[in-house]
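Below is one structure; the comments refer to it alone.
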Amino acid sequence: MHSVYRRTIKIVAFTKVKQDIFNYLIKPKYFSLIKIKCFSARQQTNLCNESLMLEKLPACGKSFEEMMKKVDSKKWCNLTEFIMYYDNFTQCTEREANNASCFWPNPLAEGFITGIHKQFFSNCTSEKVHWEDPPDEILITLILIPVMLTCAMITLVVWCSKRSDILV
């Protein structure tokens, strides 16, 4: 969890630095020219190589599988047992998607991650909670207390309203 937090802070700090550099160093009259050049360059270089990404993602899955062998299969549903392994797996899939000039997450990466989830976590369904009434003694007490308080409040209001007639 700490590495994800640190990564978020780095991204925010980097974005702030990038924004400051842009505001102070680039003159506004060149902005439209720079925007056009950057946009056309981005279109040419950022084509997602899906086949490369699909070729590299199984290595992330294999690495995750090797790390999960260290965890008892009975503990696979307890996230605290393998959170670091899962974080490494997530970072690996993100890195491979970015290396293939693909956004992350994307439908192909999500499909791969879903397959890993089915492989390791398909038995981790949450059990339905079976609600029961409390024992009769507790139930009667829980019902009678508000009823008695309501009766007492009504009696108090009626008594006070009669007293106010006498006092006036």
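So for the sequence shown, this note's numbering puts the first residue at 1; every next one is plus one.
Where is the CB? At the ideal position from N, CA and C, for every residue including glycine.
Checklist entry - Based on Cα-Cα distance, which residue from SER101, CYS77, PRO107 and THR90 lies nearest to GLU127? => result Of the listed residues, the one whose Cα sits closest to GLU127 is CYS77.
Item to check | TRP159, DSSP secondary structure in three states | outcome: helix
Checklist entry - PHE103 to TYR86, Cα distance in whole Å? => result Cα to Cα, PHE103 sits roughly 20 Å from TYR86.
Item to check | Test item: CB-CB of GLU55 and VAL71 under 8 Å | outcome: no
Checklist entry - Mind checking whether GLU50 and LEU108 have CB atoms under 8 Å apart? => result yes
Next on the checklist: For LEU149 and GLU132, I'd like the C-alpha separation in whole angstroms.
Outcome noted: 26 Å
Item to check | Which of helix, strand or coil DSSP assigns to ASP87 | outcome: helix
Checklist entry - Excluding the five sequence neighbours on either side, which residues of its own chain have a C-beta within less than 6 Å of the C-beta of ALA100, listed in chain order? => result Correct list, in chain order: ASN49, LEU52 and MET53.
Item to check | Environment of ALA152 [buried if 16+ CB atoms lie within 10 Å] | outcome: Label assigned to ALA152: exposed.
Next on the checklist: So, with DSSP's three-state summary, where would you put LYS142?
Outcome noted: Per the sequence shown, residue 142 should be read as Leu rather than Lys. Residue state, collapsed to three classes: helix.
Checklist entry - Rounded C-beta distance between GLU96 and LEU57? I'm assuming under 8 Å. => result 6 Å
Next on the checklist: Quick check on the burial criterion: 16 or more other C-beta atoms within 10 angstroms. Buried or exposed for PHE121?
Outcome noted: exposed
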